[in-house]
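Number of protein chains: 2
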Amino acid sequence: MKYTSKLIEEAVESLSLLPGIGRKSALRLALFLAQQDPQKAKQIGKSLIQMVDHLKQCKQCSAYSDDVICEICANPTRDQTTICVVESIRDLLAIEETMQYKGLYHVLGGLISPLDGIGPEHLTISGLVQRIKNNPIKELIMALRPCIEGDTTIYYVSKLVDPNDVKISLIARGVSFGAELEFADEMTISRSIATRSPYVLHDKSVV
Amino acid sequence: MKYTSKLIEEAVESLSLLPGIGRKSALRLALFLAQQDPQKAKQIGKSLIQMVDHLKQCKQCSAYSDDVICEICANPTRDQTTICVVESIRDLLAIEETMQYKGLYHVLGGLISPLDGIGPEHLTISGLVQRIKNNPIKELIMALRPCIEGDTTIYYVSKLVDPNDVKISLIARGVSFGAELEFADEMTISRSIATRSPYVLHDKSVV
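These protein sequence lines map, in sequence, to chains A and B. First residue of the first sequence: 1, per the numbering used here; consecutive thereafter. First residue of the second sequence: 208, per the numbering used here; consecutive thereafter.
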């Protein structure tokens, strides 16, 4: 497509690098920014450049951070004895969103997947083991996707951790809140029956 | 939502200024850019800042341009006697996309709409009239949206132009190529019958 301006062409070109944004959407966005207050385009441009120039990964948990240690790890009011192990920062943010979990995190940066050539050495597992050794960690909550790669990773981590020192737990797998039982897959249903829990009237521990 | 990094928060904040992009999508885009090659984020950032810093409007046709006069107006191989009047630069680009039209353009920057408080003085109509006076224009093709505002604008422009000097034509309105007749609105169908054209076998003028 030919544009009347090289500047617009370049903006379209670069915006279409974003996932899920084709050239038509990129043009819509570029023209929107050209027509709007130029401050908006500048704010977007500057914030993106700032982000990639200064973003760090927390030395302890590998979450994105502005400092060497992230806000969560540096927060003394959080439970320093529990680590929730997640695949990605997005999973961390999803758990933070619930405002229920008050411990620390560890971002693996992926799951062990031999078929995709991802081994333990590509993940932050050695850092996790080191962290457990150097800190009074009592529990590891493995909050990984229910899939073969997730289970492989949980198994691998569990082999590296002394069960006498650290308790390893998994997040519950079962039928989602609000989901129709008839549409749940067999694996989910059979698992939710196998790991059923006793019904307790007025259970204070359930949120 | 709380993020582990202020830099990511700012990127999410600014990306969600874009139309059709909420906070969840903005987070997805920001994390994608943080994880990818930083050059991508910088390229997007720089191109947006460059665009709003240097983008001009063509002095003649009001299309976005890198110079005082845009590429189309400055192109001597284009038919200098025909002006296609469009509402916006997006309509201009849509017509250019067809690669069928070889004349010049004039971007009005909107349509006359008294209800929205948009009068002729908010559009580039006086520039168009001036342009017709100073140049050997023979035809104005009014390529405006078929709607009340479009028709008002066409009527207003036609009153300012001497019909002896300049022929005014409208783009054809009718059933779209590939559309189902049964789903077309009454206005479109009745208009397409009223403005029917004789069938000519092997008509060379039809593309």
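Ideal Cβ positions, reconstructed from N, Cα and C, are used throughout, including at glycine. The structure presented is a predicted model; accordingly, all values stated were derived computationally and were not measured.
Exercise. Examine chain A for any beta-carbon lying closer than 7 angstroms to the beta-carbon of Lys-213/B, and answer yes or no.
Key: yes
Exercise. Select from Ser-399/B, Gly-381/B and Gln-264/B the residue whose C-alpha is nearest the C-alpha of Gly-334/B.
Key: Gln-264/B
Quiz item: Taking the alpha-carbon positions, what's the Glu-220/B to Leu-48/A distance?
Solution: 11 angstroms
Quiz item: Relative to the C-alpha of Arg-297/B, which residue among Tyr-105/A, Asp-79/A and Ala-34/A is closest?
Solution: Ala-34/A
Practice problem: Have a look at Pro-114/A, Ala-179/A, Phe-183/A and Arg-173/A and flag the residue whose alpha-carbon is nearest the alpha-carbon of Ala-194/A. | Solution: Arg-173/A
Quiz item: At a Cβ threshold of 7 angstroms, is Ile-348/B touching chain A?
Solution: no
Quiz prompt | Complete runs of the alpha helix (DSSP H) confined to the segment 278-326 of chain B [at least 4 residues] | solution = 278-281 and 296-305
Quiz item: What does Met-142/A pair with, by DSSP beta-bridge criteria?
Solution: Val-85/A and Leu-170/A
Quiz item: What's the C-alpha gap between Leu-111/A and Ile-251/B?
Solution: 30 angstroms
Quiz item: Which residues in the same chain have their Cβ closer than 7 angstroms to the Cβ of Met-394/B, if we skip the five residues on either side of it in sequence?
Solution: none
Quiz item: With 7 angstroms set as the bound, which would you pick, yes or no: does the beta-carbon of Val-414/B sit closer than that to a beta-carbon of chain A?
Solution: Here the model assigns Val-414/B a pLDDT of 47, short of 50, so the residue's position is not dependable and the matter cannot be decided.
Quiz prompt | According to DSSP, residues forming a beta bridge with Tyr-271/B | solution = Gln-264/B
Practice problem: Kindly list, in the order they appear in chain B, the residues whose Cβ is closer than 9 angstroms to that of Glu-96/A. | Solution: Met-208, Lys-209, Tyr-210 and Thr-211
Quiz item: Just how far apart, CA to CA, sit Leu-31/A and Ile-375/B?
Solution: 29 angstroms
Quiz item: Is Val-414/B buried or exposed, if buried means 16 or more other CB atoms sit within 10 Å of its CB?
Solution: Any reading at Val-414/B is ruled out, since the residue's pLDDT is 47, under 50, leaving its predicted position unreliable.
Exercise. Taking C-beta pairs closer than 8 angstroms, name the residues in chain B that Phe-32/A reaches, listed in chain order.
Key: Leu-225 and Pro-226
Quiz item: Looking at the structure shown, is Val-414/B part of a helix, part of a strand, or coil, going by DSSP?
Solution: Unreliable placement is indicated for Val-414/B, whose pLDDT of 47 sits below 50; no coordinate value is reported for it.
Exercise. Check whether the Cβ of Tyr-155/A lies closer than 7 angstroms to any Cβ atom in chain B.
Key: no
Quiz item: Along chain A, in chain order, which residues have C-beta atoms closer than 8 angstroms to that of Ala-248/B?
Solution: Leu-48, Ile-49, Met-51 and Val-52
Self-check item: contact_flag[the segment 287-297 of chain B, the segment 336-350 of chain B] where n(CB pairs < 8 angstroms) is 3 or more
Solution: yes
Practice problem: List the residues of chain A whose Cβ lies closer than 7 angstroms to the Cβ of Ile-251/B, in chain order. | Solution: Ser-14, Leu-15, Leu-17 and Leu-48
Quiz item: How big is the Cα-Cα spacing for Thr-177/A and Glu-10/A?
Solution: Before going on, a small fix: residue 177/A reads as Phe here, not Thr. Answer to the nearest angstrom: the Cα atoms are 46 angstroms apart.
Quiz item: Which residues of chain A have a Cβ atom closer than 7 angstroms to the Cβ of Ser-272/B, listed in chain order?
Solution: Thr-4 and Ser-5
Exercise. Could you spell out where the alpha helix (DSSP H) holding Ala-391/B opens and where it closes?
Key: Segment: none, Ala-391/B is in no alpha helix (DSSP H) and carries neither H nor E.
Quiz item: What residues of chain A sit near Glu-217/B, judged by a beta carbon separation below 8 angstroms?
Solution: Ser-47, Gln-50 and Met-51
Quiz item: Under 7 angstroms between the Cβ atoms of Leu-236/B and Glu-294/B?
Solution: no
Quiz item: Near Leu-27/A, which residues of its chain fall below 6 angstroms by C-beta distance, leaving aside the five closest residues on each side in sequence?
Solution: Val-12
Self-check item: Thr-4/A and Tyr-271/B closer than 7 angstroms at C-beta
Solution: yes
Practice problem: Compare the Cα-Cα distances from Leu-262/B to each of Pro-76/A, Gln-39/A and Leu-7/A and report the closest residue. | Solution: Leu-7/A
Quiz item: Would you report the Cα separation of Gln-130/A and Tyr-199/A, rounded to the nearest angstrom?
Solution: 39 angstroms
Quiz prompt | Burial state of Thr-98/A, where buried means 16 or more other Cβ atoms lie within 10 Å | solution = exposed
Self-check item: Host alpha helix (DSSP H) of Lys-366/B (start-end)
Solution: 355-367
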